Structures are given as structure tokens and as C-alpha cells.
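Inspection log for the structure reproduced underneath, given as C-alpha cells.
Residue numbers (my numbering): 2 to 113.
Written out as C-alpha cells, the structure reads:
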């Protein structure tokens, strides 16, 4: 935006957009338009500026949090889940296996 007329035109377009709360001109050459608001459709706003002024580009879109929300986040204590070890009242029975092997089987009885 090189002239005052273009800046004023851009400001008027941005102010008329839905959800806009605040509009500022920033940058070294005062060529950046900063729009703050709730649920502002950035694509529609950029297209309107392109139609009316012939040039516009979207540099950055970010969610801005209120001071109250920032305080809540800083005050919140990060809680880690507690792992509980569940034990039964009685211990499990011991597992004992005993294998009996007879090297010389004398009986003819075999269980398969």
C-alpha cells in the first residue's frame, strides 16, 4: 500500500468484514494490515482486498488468546495419572511340576 488512499480503502474493507474487532496498519513501510477479531474469514477478506485494491496476500493467521485464558493455562497444574497396582487378597498358588521318568518301564500299562 503505497498511498494514503489505498490504506484508507483497505481499512474500510477490513472493518466491514464479519467478526472484525480491531484493524491496524503495521510494517516498515506501513504496508501490512493487521486484523483482529472473532471467527474472521481470512480467505474472504483477502479476496475482497484483492478485488478492490488489485493486490493482497495473506501472511499469517493465528489464534489469539485472552489474558484470562493465558492465566488459566499458567495456573493449571499438569497432573500425571497415578498407576495403581491391584493385588488380590491371597497370593496365587505356587506352580510346581514334577516329572517322573522311569528308565526301565516294567509294566505294560501306558497312558497316552
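Where a beta carbon is used, it is the ideal one built from N, C-alpha and C, also for glycine.
Keep in mind that this is a model prediction, so the values were computed, not measured.
Could you pull out every residue in the same chain whose Cβ sits closer than 8 Å to the Cβ of residue i, ignoring the five residues on either side in sequence?
i	result
residue 29	none
residue 20	38, 39, 40, 41 and 42
residue 12	24, 26 and 34
residue 7	54
Could you check if residue i is buried or exposed, using at least 16 other CB atoms within 10 Å of its CB as the buried criterion?
i	result
residue 14	buried
To the nearest whole angstrom, what separates the beta carbons of residue i and residue j, a pair I think is in contact under 8 Å?
i	j	result
residue 26	residue 33	7 Å
Counting along the chain, where does the beta strand (DSSP E) carrying residue i start and finish?
i	result
residue 46	Where residue 46 is concerned, there is no enclosing beta strand (DSSP E), although the alpha helix (DSSP H) it sits in stretches over 43 to 54.
residue 64	That residue, residue 64, is in no beta strand (DSSP E); it is neither H nor E in DSSP.
residue 27	21 to 27
residue 30	No beta strand (DSSP E) holds residue 30; DSSP gives it neither H nor E.
Only counting the same chain, and skipping five residues up and downstream in sequence, which positions put a Cβ closer than 7 Å to that of residue i?
i	result
residue 46	15, 18 and 36
residue 59	43 and 47
Residue i to residue j, Cα distance in whole Å?
i	j	result
residue 49	residue 5	18 Å
residue 52	residue 70	37 Å
residue 61	residue 24	15 Å
residue 31	residue 55	17 Å
residue 9	residue 57	14 Å
residue 44	residue 68	27 Å
residue 73	residue 96	55 Å
If you follow the alpha helix (DSSP H) that residue i is in, where does it begin and where does it stop?
i	result
residue 16	5 to 17
Is there at least one Cβ from chain D nearer than 8 Å to residue i's Cβ?
i	result
residue 17	Structure shown: chain D not included; a single protein chain is present.
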